[in-house]
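In the working numbering, the protein residues as written are 3 to 396. These notes are about the structure you will find just below.
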């Protein structure tokens, strides 16, 4: 965060296109690890049925930034001429300074893992470790090996989550980039009016994201909510494609519908994937690949909403509709695949160990039960979510 804050500040001092391009590249490179890093970090502190609320709260912060960031940026642009700098320069400088302050604070406030948290006593650290072990057994452990990395890359679940994530990431990028433009095309609105009209859908998105996270953790369900909200998002974009431009009220309703549905999808995919993979290094690798493909949705969204397609933007809405369908189909495939695997393991090995019986994962008696005789403890740990004792959240 500290590194990218410097690049963002430097963007306020560029004087030509090449300097801007170089700074923007460095900024993207520096901040690319934030979302996967924080998601992975949270998965190391909370149980699987606690993670959705935490990840959603983090994502909801980004949603609120989308709600008020445009207005804040417009206010900063009014500083045009101060210090001999253009208004857009002050946007980069002020927001970069804010990121720098937060980055410095994070050095002292964010602790990598529970066993390194200085604000916890040794007993509290042990308690955190044991409660996580009750949830996922030995999947919290693990050492780096290329075998684990290879298993993560070739796992069908990684590929399916990648498709699921880009299926909702492309729409969220489209909304953040073009919502004011789309809204301004619905009538004769000024730039400030368009920014104000784009705020209420994001406020609703904050609500739907947090409410969905609460019930997702409470019920232990992920796939159902993803299928529901990706379907709602698809309906929203279908309205964009079918409603005439002479009905701005109905189209503004479509903005609400599509925006408030995509937020829970993003948080849901991250929560589901964070609780699916193990061990420690497989989760990190899989989530890295998931975010890498998903973030490429920003490249696609920036190219499909073309100025020549105004006012209906049929190409952009059509492409984005297709991505919501990809998210829906991937969610169905993931749900059915994990349910089938859970049932297979139940049939072959019996029920998973009860909470508190995590010794059953790797004891000699446990290895006999799970058909893992002859494997060392390290090899058992490396199995991660392939361990027969593991059951996937659906």
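All C-beta atoms in this analysis are idealised placements derived from N, C-alpha and C, irrespective of residue type, glycine included.
Selected residue, minimal CA-CA separation from residue i, among the options
i: residue 300; options: 67, 24, 163 and 178; result: 178
i: residue 172; options: 110, 239 and 205; result: 239
i: residue 25; options: 199, 91, 10 and 34; result: 10
i: residue 255; options: 298, 296 and 200; result: 200
i: residue 391; options: 59, 152 and 373; result: 373
i: residue 98; options: 5, 385, 389 and 235; result: 5
i: residue 324; options: 340, 183, 235 and 371; result: 235
i: residue 215; options: 55, 36, 180 and 3; result: 55
i: residue 270; options: 3, 62 and 27; result: 62
Backbone secondary structure at residue i - three-state DSSP
i: residue 356; result: coil
i: residue 92; result: helix
i: residue 375; result: coil
i: residue 328; result: helix
i: residue 279; result: coil
i: residue 306; result: helix
i: residue 73; result: helix
i: residue 319; result: helix
i: residue 47; result: coil
i: residue 13; result: helix
i: residue 112; result: coil
i: residue 266; result: helix
i: residue 41; result: helix
i: residue 87; result: coil
i: residue 260; result: helix
i: residue 336; result: helix
i: residue 55; result: helix
i: residue 100; result: helix
i: residue 2; result: No statement about residue 2 is possible, as the shown extent of the chain runs from 3 to 396 and does not include it.
N- and C-terminal bounds of the alpha helix (DSSP H) containing residue i
i: residue 363; result: That residue, residue 363, is in no alpha helix (DSSP H); it is neither H nor E in DSSP.
i: residue 297; result: 282-297
i: residue 183; result: 158-186
i: residue 216; result: 201-221
i: residue 33; result: 19-33
i: residue 394; result: No alpha helix (DSSP H) holds residue 394; DSSP gives it neither H nor E.
i: residue 80; result: Element bounds for residue 80: n/a, residue is neither H nor E.
i: residue 129; result: 124-138
i: residue 230; result: 225-244
| Would you say the segment 199-211 touches the segment 254-265, given that touching needs at least three Cβ pairs under 8 Å? | Segments in contact, yes.
| query | Quick check: the segment 323-339 against the segment 148-167, are there 3 or more CB pairs under 8 Å? | reply | The segment 323-339 makes contact with the segment 148-167; the number of CB pairs closer than 8 Å reaches 3 or more.
| task | Say whether the segment 240-254 touches the segment 263-278, bearing in mind that this needs 3 or more beta-carbon pairs closer than 8 Å, one atom from each stretch. | result | By the criterion of at least three beta-carbon pairs nearer than 8 Å, the segment 240-254 is not in contact with the segment 263-278.
| Is the segment 215-226 in contact with the segment 47-55, if contact means three or more CB pairs nearer than 8 Å? | Touching, per the Cβ criterion.
| said: Check whether the segment 274-291 and the segment 31-47 are in contact - that is, three or more C-beta pairs closer than 8 Å. | reply: Remark: three or more beta-carbon pairs, one from each stretch, lie closer than 8 Å, so the segment 274-291 and the segment 31-47 are flagged as touching.
| field | the segment 78-87 touching the segment 103-118, judged by at least three CB pairs closer than 8 Å | value | At 8 Å Cβ cutoff, the stretches do not touch.
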